[in-house]
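Chains as they are written, first to last, in our numbering: chain Y, 64 to 482; chain V, 134 to 247. Even glycine gets a Cβ: it sits at the ideal position worked out from N, Cα and C. This report concerns only the one structure given below.
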Amino acid sequence: MNPTSEQVAHVLAGIGREDRARLLAALARRFGDIGLAEDVLQESLAAALETWPGTGVPRSPLAWLMTTARRKAIDVVRRDQVLAQKLARLRIETETSAPAAESVALASDGVGDERLAMLLGCCHPALREDERIALTLRFVAGLPTPEVARAFLVPVATMQQRIVRAKAKIRATGIPFAVPPEDELADRLPVVLRVVYLVYTEGYSRSSGPHHVRADLTSEAVHLARVLHRLLPTTAEVAGLLALLLLTDARRAARTDADGVPVPLPRQDRSRWDRTLAAEGLRLAEQAAGSRGAGTYTLQAAVAAVHTEAPSHADTDWTQILALYDLLLRLEPGPVVALNRAIAAGKALGPAEGLRLLDELSASAALARHRPYHVARAITLTELGRAEDARAAYARALDLEGNAAEETFIEHEMGRLPG
Amino acid sequence: MKYVLLLMGSTTEPECGDAEGPDPREFMAFDQEITQAGVVVDSFSLHGPETAVRVSQGPSGEPVVTSGPFAESREFVGGSYVIDVPTVDDAIAWAAKSPGSRFGWIEVRPLAEY
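Okay, here's the thing in structure tokens:
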């Protein structure tokens with residue numbers, strides 16, 4: 064007996080984000096055009112809804128969708144001469160390659176080159192950074208546009224526009240969706256890693272809004288980092304980034320209290336850390352540190368590893384952390400790294416030295432606007448018994464941009480000050 | 134796909150056009166390489182911005198003709214290649230090879246085909 068429309072709709076709805084993203088990636092890589100891939104995938108889903116009630120649900124729905132979408136794309140290319148020429152120049156595979164190979168590739172659990180091709184296309188240097196992040200979330204993570212909009216805290220229409228314009232730019236500029244040769248891949252990787260890192264940090268500490276952590280964004284980023292690591296298992300910085308994200312994620316449960324207010328590291332209940340994630344992160348951090356090509360993420364992972372290995376905050380090896388930050392500062396000079404180094408120095412060498420270093424950074428316009436800078440000063444001043452100055456620093460922090468949960472935290476801390 | 138490689142310079146750059154500037158032989162070597170690769174559709178070289186004449190329209194629609202160089206615009210186009218290559222990455226690779234990307238910069242833009 065043939066399925067009803069509702070049953071077919073149910074089957075199609077059951078095709079998860081992952082599989083859709085893989086279909087899209089395979090099509091984009093095949094035809095070198097993400098807009099075309101999106102269109103034909105949509106059409107094939109509509110075709111399934113229409114024909115499967117009559118023919119029954121195919122044994123491999125994904126393979127059916129892929130074959131149907133591919134045929135539709137070939138039709139489009141045949142009708143559109145300009146597009147055909149352009150796609151021909153992109154050196155795509157000819158239509159003589161066996162469809163069976165594609166269905167096998169899709170059926171397997173393995174992640175193929177097409178995901179990497181999609182990621183590289185979405186993170187192409189010719190695109191702006193906000194475009195790269197939006198495209199990666201939309202097409203690699205497969206988040207629907209409204210969710211991407213929510214991640215950026217912009218109206219849905221704004222995000223739709225951004226994505227539409229980015230796709231138009233991809234087509235006009237001829238940005239390829241292909242895995243480049245190894246040396247070029249090495250050059251392109253830092254941009255990709257940065258996009259994944261930004262997705263994580265945006266989820267880790269929301270830049271505004273009511274919540275401190277957006278768990279789905281951080282999970283998305285960890286997932287993307289895992290995909291990259293599976294595809295490039297020996298690349299140091301890829302392992303380093305995954306290690307950093309895992310080690311940070313391992314502490315997630317302890318980072319906020321029951322009301323969602325951030326709990327600073329010294330007061331976190333370490334028994335709530337996820338030891339399995341931590342163990343995996345530590346292993347990867349070590350692998351990265353021992354490999355050639357170690358860079359910023361490897362160093363940051365090493366810092367996270369030192370924290371994770373400490374049985375308590377008091378037992379943390381701050382001297383080692385300071386040494387790592389010295390290296391990181393040389394590699395990546397910048398205000399935030401300098402701030403973190405100053406904080407580590409304060410822990411290793413005492414709050415008086417910490418305050419001295421923090422005050423040295425007061426000329427930085429970027430830090431003057433950076434909430435954590437003032438919070439760090441406030442904490443150090445509290446340690447030095449300077450309650451009034453600490454209060455003033457917390458007040459400066461409150462005036463700056465950040466999320467509401469942080470504000471609650473700062474107000475708590477101000478309340479705990481004597482006098 | 135066709136791309137334009139616009140060789141750009143800045144009038145504030147000290148080496149621009151001077152003795153410390155780019156060696157014409159480097160440009161010739163590059164020209165030979167890119168031509169032999171068979172990707173060049175067209176190319177041209179321009180005389181400096183001091184030879185430029187700007188034509189615009191005045192408030193009553195009358196033509197206004199001004200002689201260069203122009204104090205307010207510090208960027209100028211030195212020359213251009215129109216190339217036909219498969220992807221923007223190929224265009225970027227050629228731009229990176231050109232001596233023009235060292236002494237000034239190169240703007241890569243896709244040719245609009247109507």
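- Considered as a whole, the segment 192-217 of chain Y harbours 192-198 and 208-215 as its complete alpha helix (DSSP H) runs of no fewer than 4 residues, in chain order.
- Residue pairing from DSSP leaves Gly79(Y) without any beta-bridge partner.
- Inter-residue distance for Leu291(Y) and Arg141(Y) is about 35 Å (C-alpha atoms, whole angstroms).
- With respect to chain V, the C-beta atom of Ala147(Y) has no partner C-beta closer than 7 Å.
- The straight-line gap separating the alpha-carbon atoms of Arg234(Y) and Pro243(Y) is approximately 18 Å.
- Within the DSSP bridge table, the entry for Ile216(V) names Tyr136(V) and Val173(V) as partners.
- Note on geometry: alpha-carbon atoms of Pro218(Y) and Asn65(Y) lie some 42 Å from one another.
- Counting of Cβ neighbours within 10 angstroms places Gly478(Y) among the exposed residues, the total staying below 16.
- Residue state for Pro116(Y) is assigned as helix, using DSSP reduced to three classes.
- Interface with chain V (7 Å Cβ-Cβ cutoff): Ala426(Y) is excluded.
- The DSSP assignment places complete alpha helix (DSSP H) segments of no fewer than 4 residues inside the segment 229-269 of chain Y at 245-267, in order along the chain.
- Residue-level contact check: Pro244(Y) does not touch chain V, since none of the beta carbons of chain V fall below 7 Å from its beta carbon.
- Shown in chain order are the members of the segment 208-240 of chain V whose Cβ falls below 7 Å from a Cβ of chain Y: Pro219, Thr220, Val221 and Asp222.
- Against chain Y, the CB of Met141(V) has no partner CB under 7 Å away; the residue lies outside that interface.
- Under the 7 Å criterion on CB atoms, Pro243(V) is classed as interfacial with respect to chain Y.
- With a cutoff of 7 Å on beta-carbon distance, Leu310(Y) and Thr371(Y) are scored as near each other.
- Your pair Ile473(Y) and Ala455(Y) does not check out as a contact, with CB atoms roughly 12 Å apart and the cut at 8 Å.
- The contact set of Ala235(Y) on chain V, defined by CB atoms closer than 7 Å, consists of Pro243 in chain order.
- The beta carbon of Ala352(Y) is closer than 7 Å to those of Thr361 and Ala365 in its chain, skipping five residues each way along the sequence.
- For Pro239(Y), the neighbours in chain V by C-beta distance under 7 Å run, in chain order, Thr220 and Asp222.
- Gly212(V) is positioned such that its CB atom lies no closer than 7 Å to that of Ser189(V).
- In the structure shown, Trp336(Y) falls within a coil segment according to DSSP collapsed to helix, strand and coil.
- Shortest Cα-Cα distance from Val259(Y) to any of Arg315(Y), Ile238(Y), Pro327(Y) and Glu283(Y) involves Glu283(Y).
- DSSP places Gln190(V) in the uninterrupted beta strand (DSSP E) bounded by Val186 to Gln190.
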